[in-house]
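Chemist: The structure follows.
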DNA sequence: GCCGATATTTAGACATAGTCTAACTGCGCC
DNA sequence: GGCGCAGTTAGACTATGTCTAAATATCGGC
Ligand SMILES: [Mn+2]
Ligand SMILES: [Mn+2]
Ligand SMILES: [Zn+2]
Ligand SMILES: [Zn+2]
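Protein chains in written order, with this note's numbering: chain S, 2 to 139; chain Y, 2 to 139.
As structure tokens, this is what we get:
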């Protein structure tokens, strides 16, 4: 299965991450590596199927796992029953809307967290602030 | 179904929270309201069944939900595939051990978070720092 | 270009957390 | 004692995620 391109940048990105750019992987990457949403695996599957109806659920799950292992995505667990994927792999914080469940990024510099290095007896790998509440009506 | 007591304090606590203290609810409360763990619903079920073998899974789920609605517990989602319950309802932060999955409380005063009130366009209900890493070998 | 080896994809079975339903139990009140 | 209701129960059902075994695509050597 080959794909007419415009996808060269995406293919390069996968190859730089040591991932063979199969058609399915490029299709999945095309959505998930550039979204500002924080989609679940099934969200990604639904979206990719629009352009690529034959892609299987297993392939989407496997591919998201692969991208995560190769540092292109992060997995987040912020709400019940759903792992979501985040293409912003640099440290940042998150806001979770109580009403809609939407997850939004908060830039690292927008909040200030102190004294993490004073925690006793732990080697910290990462940390983030999770803010919950409501987006204000405009 | 009646239960020999020593449970009067627990019964009072449920009644103060406007919850009728059935035998099942008292048994569940006896574990979940005083644990330092952050147990899942099925963890609670397994534990309560030791002393109370006939309790059903639905009752445990319903009761934990009820306790949460009445402010005796909080639900946390910090790792995949499992909602956990936390009897410490005051604001605090959490450490998640990458190796064991164990969740530990970090007192509110142990970390310092600034600029949350400067976030634009959101009404903040709560926030916490989630720290991930490894507990250091002693 | 063909061929065997390897990597990837696929459908569907399986596992598990959580929800829902409909029947049953037991207590409070007449 | 019988009625009504809150609470409990077993089990069916749903949804997310994992696993398997077979099919397919790609690659490197010829
Ligand atoms: Mn979704
Ligand atoms: Mn558990
Ligand atoms: Zn993010
Ligand atoms: Zn806690």
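From the three backbone atoms N, C-alpha and C, an ideal C-beta is built for every residue, glycine too.
1) Are the C-beta of residue 89 of chain Y and some C-beta of chain S separated by less than 8 Å?
2) Could one say the Cβ of residue 134 of chain Y lies closer than 8 Å to chain S's Cβ atoms, at least one of them?
3) Could you pull out every residue in the same chain whose Cβ sits closer than 6 Å to the Cβ of residue 97 of chain S, ignoring the five residues on either side in sequence?
4) Between the C-alpha atoms of residue 75 of chain Y and residue 11 of chain S, what's the straight-line distance to the nearest angstrom?
5) Could you name the residues of the stretch 106-134 of chain S whose beta carbon sits closer than 8 Å to any beta carbon of chain Y, in the order they occur along the chain?
6) Is the beta carbon of residue 32 of chain Y closer than 8 Å to that of residue 58 of chain Y?
7) Can you name the residues that DSSP bridges to residue 134 of chain S?
8) Could you tell me the boundaries of the beta strand (DSSP E) in which residue 53 of chain S lies?
9) How about residue 116 of chain Y and residue 113 of chain S: do their beta carbons lie closer than 8 Å?
10) Express the C-alpha separation of residue 41 of chain Y and residue 81 of chain Y in angstroms, rounding to a whole number.
11) Would residue 15 of chain S count as contacting chain Y if we go by Cβ distances under 8 Å?
12) Which residues count as close to ligand 3 when the rule is a CB under 7 Å from any of its heavy atoms, in chain order?
13) By how many angstroms is the C-alpha of residue 92 of chain Y removed from the C-alpha of residue 128 of chain Y?
14) The alpha helix (DSSP H) that contains residue 27 of chain S, what's its start and end?
15) Chain S beta carbons: is any one of them nearer than 8 Å to that of residue 68 of chain Y?
16) For residue 38 of chain S, which of S/136, S/110, S/106 has the nearest alpha-carbon?
17) Measure from the C-beta of residue 100 of chain S to each C-beta in chain Y and report whether the shortest distance is under 8 Å.
18) Let me know the secondary structure DSSP gives residue 75 of chain Y once reduced to three states.
19) Sort Y/111, Y/99, Y/101, Y/121 by Cα distance to residue 108 of chain S and report the nearest one.
Modeler: Reading it off the structure:
1) Counting from 1 along the second chain, the entry for residue 89 of chain Y is found at position 88. Chain S contact via Cβ: absent.
2) Reading the second chain from its first residue, position 133 is the one you call residue 134 of chain Y. Closer than 8 Å to some Cβ of chain S, the Cβ of residue 134 of chain Y qualifies, so yes.
3) Residue 97 of chain S sits at position 96 when you count from the first residue of the first chain. Counting only Cβ-Cβ distances below 6 Å, and skipping sequence neighbours, we find 79, 104, 133.
4) Here the question's residue 75 of chain Y lines up with position 74 in the second chain. Here the question's residue 11 of chain S lines up with position 10 in the first chain. Rounded to whole angstroms, residue 75 of chain Y to residue 11 of chain S spans 43 Å at the Cα level.
5) 107, 111, 112, 113, 114, 115, 116, 117, 119, 120, 122, 123, 124, 125, 126, 127, 128, 129, 130, 131, 132, 133, 134
6) On the second chain, residue 58 of chain Y is found 57 positions in, with the first residue counted as 1. On the second chain, residue 32 of chain Y is found 31 positions in, with the first residue counted as 1. Taking 8 Å as the Cβ cut-off, residue 58 of chain Y and residue 32 of chain Y do not qualify as a contacting pair.
7) By 1-based counting over the first chain, the position of residue 134 of chain S is 133. Beta-bridge pairing links residue 134 of chain S to S/98, Y/125.
8) Here the question's residue 53 of chain S lines up with position 52 in the first chain. It is not in any beta strand (DSSP E) - residue 53 of chain S carries neither H nor E in the DSSP assignment.
9) Residue mapping note: residue 116 of chain Y aligns to position 115 of the second chain, counting from 1. Residue mapping note: residue 113 of chain S aligns to position 112 of the first chain, counting from 1. Contact: yes.
10) Translated into the one-based positions of the second chain, residue 81 of chain Y becomes position 80. Translated into the one-based positions of the second chain, residue 41 of chain Y becomes position 40. Computed Cα separation, rounded: 12 Å.
11) Taking the first residue of the first chain as position 1, residue 15 of chain S is located at position 14. It does not; no Cβ of chain Y falls within 8 Å.
12) S/39, S/77, S/87, S/89, S/93, S/95, S/104, S/106
13) Locating residue 128 of chain Y in the second chain gives position 127, counting from the first residue. Locating residue 92 of chain Y in the second chain gives position 91, counting from the first residue. Taking the straight line joining both Cα atoms gives about 8 Å.
14) The residue you call residue 27 of chain S lines up with position 26 of the first chain. Residues 24-33.
15) Mapped onto the second chain, residue 68 of chain Y falls at position 67. Closer than 8 Å: no.
16) The residue labelled residue 38 of chain S in the question sits at position 37 within the first chain. The shortest C-alpha separation from residue 38 of chain S is found at S/106.
17) Here residue 100 of chain S refers to the residue found at position 99 when the first chain is read from its first residue. Not one chain Y Cβ lies under 8 Å of residue 100 of chain S.
18) Locating residue 75 of chain Y in the second chain gives position 74, counting from the first residue. Residue 75 of chain Y falls in the strand class under three-state DSSP.
19) Here residue 108 of chain S is taken as the residue at index 107 of the first chain, counted from 1. Answer by Cα proximity: Y/121.
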